[in-house]
Amino acid sequence: MGSDFVGTTAKFLCERTILNRKKDKKEVFDLWELSHFIEER
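So the mapping is simple: our numbering equals the position in the sequence shown, first residue as 1, plus 402.
What follows is the structure, given as structure tokens:
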């Protein structure tokens, strides 16, 4: 997994965060969880 994976993940996170903010602000913590998960790899 190279920069391709990171770019796709970042795009996914951005889209998902925007959707979550429209729905409910509670799910923004998912962004922190995923970034932490990526750092461990």
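Beta carbons: idealized from backbone N, C-alpha and C, even for Gly.
Pick from the options: whose alpha carbon is nearest that of residue i?
i, options, result
"ARG418", "SER405, LEU436, PHE407, ASP406", "LEU436"
Below 8 Å on the Cβ atoms is my guess for residue i versus residue j; work out the distance and round it to an integer in Å.
i, j, result
"LEU433", "LEU421", "At roughly 12 Å, the Cβ-Cβ gap does not stay under 8 Å, so LEU433 and LEU421 are not in contact."
Could you tell me whether the Cβ atoms of residue i and residue j are closer together than 8 Å?
i, j, result
"ILE440", "THR411", "yes"
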